[in-house]
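**Student:** Residue 0 is where the sequence shown starts when you use numbering that gives the first Met the number 0, and the numbers rise one by one after that.
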Amino acid sequence: MKITNRVILSTAIILLVNIISVPIATIIGVKIIQHNIDSKEIINIIKIIYPIVAVILILNIMVIVVVFSNLIKKMRNLTKATKERLDFISQGNYNFRMDYTGYEEFDSTNKYINKLVDEVENKIADLQQSTFATIDLLTATLEAKDPYTKGHSVRVAEYSFRICKEMVLDDRYTEKLVHSALLHDIGKIGVHEDILNKPSRLSNDEYDKVKQHPVIAAQILSEYDAFKDLNEIVIAHHERYDGEGYPNGLKEKEIPLGARILAVADTFDAVTSDRVYRKGMSLEEAKKILIEEKGNQFDPYIVDAFLRIVDDIKLDN
0 MKITNRVILS TAIILLVNII SVPIATIIGV KIIQHNIDSK EIINIIKIIY
50 PIVAVILILN IMVIVVVFSN LIKKMRNLTK ATKERLDFIS QGNYNFRMDY
100 TGYEEFDSTN KYINKLVDEV ENKIADLQQS TFATIDLLTA TLEAKDPYTK
150 GHSVRVAEYS FRICKEMVLD DRYTEKLVHS ALLHDIGKIG VHEDILNKPS
200 RLSNDEYDKV KQHPVIAAQI LSEYDAFKDL NEIVIAHHER YDGEGYPNGL
250 KEKEIPLGAR ILAVADTFDA VTSDRVYRKG MSLEEAKKIL IEEKGNQFDP
300 YIVDAFLRIV DDIKLDN
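#1: With distances taken Cα to Cα, identify the nearest neighbour of His237 among His183, Leu195, Ile301, Arg161.
#2: Whole-angstrom Cβ separation of Ala180 and Ser152, contact assumed at under 8 Å?
#3: When we look at the beta-carbon of Arg277 and count the other beta-carbons within 10 Å, is it buried (16 or more) or exposed?
#4: Can you look up Lys197 in the DSSP assignment and give me helix, strand or coil?
#5: Which residue marks the beginning of the alpha helix (DSSP H) containing Lys250, and which one marks its end?
#6: Going straight from the alpha carbon of Thr266 to that of Asp193, what length do you get?
#7: Where does Val29 fall in DSSP's three states?
#8: Evaluate the contact criterion for the segment 203-221 versus the segment 153-168: three or more CB pairs, one atom per stretch, below 8 Å.
#9: Measuring alpha carbon to alpha carbon, tell me which of Ile188, Leu306, Lys110 ends up nearest Thr140.
#10: Under three-state DSSP, which class holds Arg274?
#11: Closest to Ile288 by CA distance: which of Ala225, Arg274, Asp268 is it?
#12: Inspect the beta-carbon positions of Lys144 and Leu195 and report whether they are closer than 8 Å.
#13: Just to confirm, are Leu346 and Leu261 a CB contact at a threshold of 8 Å?
#14: With the cut-off set at 8 Å, would you say Ile254 and Pro246 are in Cβ contact?
#15: Smallest Cα separation from Tyr300: which of Leu256, Glu205, Leu282?
#16: Contact defined as beta carbons within less than 8 Å: I believe Arg259 pairs with Gln296. What is the distance between those atoms, to the nearest angstrom?
#17: Return the chain-ordered list of same chain residues with a C-beta closer than 6 Å to the C-beta of Gly248, the five sequence neighbours on each side being excluded.
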């Protein structure tokens, strides 16, 4: 039903009360006119009529208050519910839809909003497919130079995802971090494969070239609109909590949260994976390194979160 129809119905109820009450006053008024009544009797009649008129007036006021207050309350509740839904949608929660209220004015608007949200969801799905295709292309390019990297990046993304869940981070940030983890070593495209796959210890010059890969990665990602917001995480994943990392010597909370999480996940997979020049560490040995580096290389809070779930992660692998 339209809101205007509700108003008409409410007005009709008020008129009905008046229609019922008017004949009473009319009958009394006619009797006064038809009889030659002195002033004292008129005063007495007025005293009788006054309470009746007062009751009629009060009934009118009560009907108006009840009918319109209920209508206003319903409108207020509907407006509040609509605003809450719109707030959720504006924050990117596109699984929400506007409810149908039974009021045509609200429902026509809600139907239009739901249609727009459906279109946004479809566009996001298309964009995500394009994003994943680009990630696959970039990682395939890197894998051609360093076969270890793709498996490493996937595992680091999985560890980062589990840490985010343990820390109860929101889904949007978790997705951002997973994408960052998949691409965190993409800058190694700019490092010669002989250095990447060297079976012996790197020289200082070679190590300096490897240390440039976070900067190169940020430069590559900045060319893609979908990945620009990953830069702050990717470029800082080799920073240390004590400020002794690279490339910018950031420390503690200066390092983005995602980069601090990525540092723990990256190091854990690096030390537990077999490389051409060494055997991977055991789970217990890797845990010992993380504990020893709390407050030095790693954020202690993130290490503690990871240690709470690390046994399950290794079982999954």
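The beta-carbon is built from N, C-alpha and C at its ideal position, and this holds for glycine as well.
**Tutor:** Once the coordinates are examined:
#1: Taking the sequence shown and counting its residues from 1, the one referred to as residue 237 is at position 238. When only C-alpha atoms are compared, the closest one is His183.
#2: Mapped onto the sequence shown, residue 180 falls at position 181. Mapped onto the sequence shown, residue 152 falls at position 153. The pair is a contact, with the Cβ atoms about 6 Å apart (cut-off 8 Å).
#3: Reading the sequence shown from its first residue, position 278 is the one you call residue 277. By the 10 Å Cβ count, Arg277 comes out exposed.
#4: As a first step, residue 197 must be located in the sequence shown, where it is residue number 198. In this structure, Lys197 counts as coil in the three-state DSSP scheme.
#5: The count along the sequence shown starts at 1 and reaches residue 250 at position 251. No alpha helix (DSSP H) contains Lys250, which DSSP labels as neither H nor E.
#6: Within the sequence shown, residue 266 is the residue found at index 267, counting from 1. Within the sequence shown, residue 193 is the residue found at index 194, counting from 1. Looking at the two C-alpha atoms, the distance is approximately 22 Å.
#7: In the sequence shown, residue 29 corresponds to position 30, counting from 1. Confidence at Val29 is low in this model, with a pLDDT of 48, below 50, so its placement is unreliable and no value can be given for it.
#8: no
#9: Within the sequence shown, residue 140 is the residue found at index 141, counting from 1. Answer by Cα proximity: Ile188.
#10: On the sequence shown, position 275 is the one that residue 274 refers to. The answer is strand: DSSP assigns Arg274 an E or B state.
#11: The residue labelled residue 288 in the question sits at position 289 within the sequence shown. Selected option, being the one with the closest Cα: Asp268.
#12: The sequence position of residue 144 within the sequence shown is 145, counting from 1. The sequence position of residue 195 within the sequence shown is 196, counting from 1. Going by C-beta atoms, Lys144 is nearer than 8 Å to Leu195.
#13: Residue 346 falls outside the range modelled here, since the chain spans only 0 to 316, and no answer is possible.
#14: The residue you call residue 254 lines up with position 255 of the sequence shown. The residue you call residue 246 lines up with position 247 of the sequence shown. Cβ distance not < 8 Å, so Ile254 and Pro246 don't count as in contact.
#15: Taking the first residue of the sequence shown as 1, we reach residue 300 at position 301. With distances taken between Cα atoms, Tyr300 lies closest to Leu256.
#16: Residue numbering aside, residue 259 sits at position 260 when the sequence shown is read from its first letter. Residue numbering aside, residue 296 sits at position 297 when the sequence shown is read from its first letter. That pair is no contact at about 10 Å.
#17: For the purposes of this step, residue 248 is identified with residue 249 of the sequence shown, where counting begins at 1. Gly242.
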